[in-house]
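Below is one structure, written out as structure tokens; comments come after it.
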Amino acid sequence: MTASALSKAIGPRVQTFLIESDEIGTIGVGEATIPTIHWFNQLTGLNHNEFMRETKATYKLGIEFENWARPGHVYLHPFGRYGDTNDSLPFHHRWIRARQEGLDDGIEQYSLTTLVARAGKFAFPASDPNSPLATLGYAFHFDASLYARYLRKHSEARGVRRFEGKVIKIDQHPETGFVTSLRTDKGDQLDADLFIDCSGLRGVLIGGVLGSAFEDWSHWLPCDRALAVPTERTGPPVPYTRSEALAAGWQWRIPLQHRNGNGYVYSSKFISDDEAASVLLNNLDGKPLADPRPIRFTAGRRKRSWDKNVVAIGLSGGFLEPLESTSIHLIQSAIAKLLSLFPTRQCDPYTAEQFNRVLSQEFEAVRDFLVLHYHSTTGKNEPMWEYCRSMPLPEALVYKEEHFKRSGRIVLAPEELFKDGSWLAVLTGQGHIPGDYNPLLDSVSSKDNFVYLRRTKDLLRATCQRLPSHESHIRAITEAPPVGVA
Ligand SMILES: Cc1cc2nc3c(=O)[nH]c(=O)nc-3n(C[C@H](O)[C@H](O)[C@H](O)COP(=O)(O)OP(=O)(O)OC[C@H]3O[C@@H](n4cnc5c(N)ncnc54)[C@H](O)[C@@H]3O)c2cc1C
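Position one of the sequence shown corresponds to residue 13 (my numbering), numbered consecutively onward.
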């Protein structure tokens with residue numbers, strides 16, 4: 013992704029080298045994205061249908077959380093907005109007020125994206141702001157390895173030079189400590205001015221050479237292992253990711269065109285690897301296509317992702333578990349920040365500091381969003397959930413929850429990835445009940461508020477009914493002629 017974006021944004025004025033090792037390989041997981049992916053695909057100039065075909069993608073309207081808030085409970089975090097498009101008042105405050113006055117509806121009935129997801133349908137957001145379809149939002153499920161291969165092809169076509177081999181020696185300037193060159197086991201030596209460490213959890217340059225410290229957040233996000241296993245598809249692909257809370261973590265189910273991705277993300281403090289494998293294999297919907305693949309990680313981030321002339325992007329810079337599919341976004345966001353802060357050869361430490369500050373803020377806000385899922389639960393008596401319910405929380409999360417409880421307001425910091433709709437979905441989904449609403453709404457009578465909500469609900473339902481199935485959208489892509497063929 014980084015090589016692809018650099019080659020597109022900067023072009024041939026800067027020579028980009030890409031070093032990858034087939035022997036080491038990639039982490040090989042990462043199948044779910046969030047809507048910010050559209051920005052990146054546009055930046056890199058991908059053709060939509062070709063991208064869908066090359067990466068075996070399906071559409072994703074949100075994430076369904078099963079047994080998270082409490083056993084038997086299900087809710088969806090949709091990517092679209094709540095309400096219809098023409099409301100001048102803050103929509104969810106209408107809903108809070110009506111609930112206080114006896115309305116029985118959940119917030120999901122006011123999300124077109126949720127209705128469409130549950131119906132197994134799909135539509136692109138409308139550009140007409142007056143259409144209810146303008147409230148829709150979507151991302152993709154895809155095979156990340158195929159995405160990487162596809163982007164590599166584009167990058168090489170734009171002049172990126174790829175070297176196959178393992179980096180075995182790193183040279184540094186004797187006075188400044190700047191990295192000056194990399195040598196591979198194939199005998200190549202690459203000199204450069206700026207080094208982007210995309211070496212995954214290894215952090216070959218940022219950790220191995222520069223020793224940038226890792227801030228461990230596993231006391232808030234206790235899951236530290238995963239088992240991933242592909243299965244045969246058993247039915248039409250659902251247009252959302254499924255996340256089912258289990259005793260010591262959670263299981264993902266992700267439909268792609270050719271298979272389903274599955275995995276158990278768990279905490280090794282609360283379950284053994286063998287038991288986790290057995291739980292996962294007994295909880296699959298289709299026939300496994302391979303043995304479960306183990307992956308180990310620690311939640312957290314580098315204190316300094318950019319140090320001297322090395323910028324860590326991807327897992328080398330930090331990892332937040334995949335519950336809200338944020339890692340690919342965080343990579344793309346780091347790329348965007350690198351482009352806007354692109355350095356001179358001197359790599360001014362102020363430039364690096366700004367990169368580190370804004371990336372840290374983004375990481376912390378995502379971390380808090382994930383922690384919300386873990387700690388706001390009831391009726392789950394397994395030790396991991398009891399631990400999460402009683403753990404001390406990050407201060408910013410306590411502040412957010414308190415605001416919501418007091419006034420129904422969602423307070424966001426400037427660098428937050430997840431906006432009001434996402435926080436609303438997960439706060440209400442995890443059982444937080446707002447105690448009040450925005451008093452601006454008192455300018456509307458109670459009756460008018462109920463009528464407005466009823467009309468909105470009917471409009472969204474009727475809109476959903478006339479949409480085509482998700483499967484038909486995927487078929488249209490797979491059966492369309494390839495790009496360049498009339
Ligand atoms: C269980 C799990 C599930 C995930 N699910 C999602 C998801 O649904 N959505 C999402 O957005 N993200 C997800 N992620 C994160 C996602 O997989 C990664 O962010 C993404 O794959 C990018 O990884 P990377 O490029 O940083 O590292 P890697 O994929 O590990 O790539 C590292 C690269 O560096 C090379 N390399 C390493 N050392 C050397 C060396 N010495 N010499 C030469 N080359 C070297 C390797 O060959 C490889 O090419 C998930 C992660 C995990 C662990």
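In this text, a Cβ means the ideal position worked out from N, Cα and C, and glycines have one as well.
Span separating the alpha-carbon of residue i from that of residue j
i, j, result
"Y252", "S434", "15 Å"
"E120", "K320", "48 Å"
"V323", "S484", "42 Å"
"T389", "L439", "11 Å"
"L124", "A131", "11 Å"
"K417", "K198", "60 Å"
"R170", "S317", "27 Å"
"G40", "G95", "38 Å"
"N274", "D303", "12 Å"
"G441", "V86", "8 Å"
"H387", "T246", "33 Å"
"T468", "D432", "19 Å"
"H166", "L371", "27 Å"
"E428", "S290", "38 Å"
"I108", "L452", "13 Å"
"E66", "A156", "11 Å"
"Y411", "K349", "27 Å"
Test item: CB-CB of residue i and residue j under 7 Å
i, j, result
"S458", "E113", "yes"
"K133", "Q269", "no"
"I75", "H89", "yes"
"G215", "T196", "no"
"I489", "M13", "no"
"F282", "F309", "no"
"L292", "L239", "yes"
"F207", "R314", "no"
"P102", "N461", "no"
"I266", "E43", "yes"
Simplified DSSP state of residue i, which is helix, strand or coil
i, result
"F152", "strand"
"Y399", "helix"
"L30", "strand"
"S19", "helix"
"Q269", "coil"
"V497", "Its pLDDT being 44, under 50, V497 is placed unreliably by the model, and nothing is read from it."
"T70", "strand"
"K349", "helix"
"D99", "coil"
"G330", "strand"
"R478", "coil"
"E336", "helix"
"V86", "strand"
Within-7 Å CB hit, residue i to chain D
i, result
"K178", "This model lacks chain D altogether; it includes just one protein chain."
One or two residues paired with residue i in a DSSP bridge
i, result
"F91", "Paired residues: none, contrary to the question."
"Q201", "R195"
"Q263", "E256 and Y276"
"R65", "Bridge partners of R65: none, in fact."
"Q358", "According to DSSP, Q358 bridges with nothing at all."
"I208", "V323"
"R1", "Absent from the structure is residue 1, since the part of the chain shown begins at 13 and ends at 498."
"R173", "F29"
"A44", "H153"
"A238", "V277 and I307"
"S123", "Y94"
Supposed contact pair residue j and residue i - C-beta distance, whole angstroms, cut 8 Å
i, j, result
"G329", "A346", "7 Å"
"I46", "T356", "Actually they are not in contact, since the Cβ atoms of I46 and T356 sit about 33 Å apart, beyond 8 Å."
"S255", "F77", "5 Å"
"F29", "F190", "Their Cβ separation, rounded to whole angstroms, is 17 Å, which puts F29 and F190 out of contact at 8 Å."
"P306", "R379", "In fact, because the Cβ distance is near 24 Å, the residues do not count as touching under 8 Å."
"L127", "A138", "Not quite, the Cβ-Cβ distance comes to about 15 Å (not below 8 Å), so this is no contact."
"L342", "E374", "7 Å"
Residue i CB to nearest heavy atom of ligand 2 below 6 Å
i, result
"P334", "In terms of ligand content, the structure shown lacks ligand 2 and carries ligand 1 instead."
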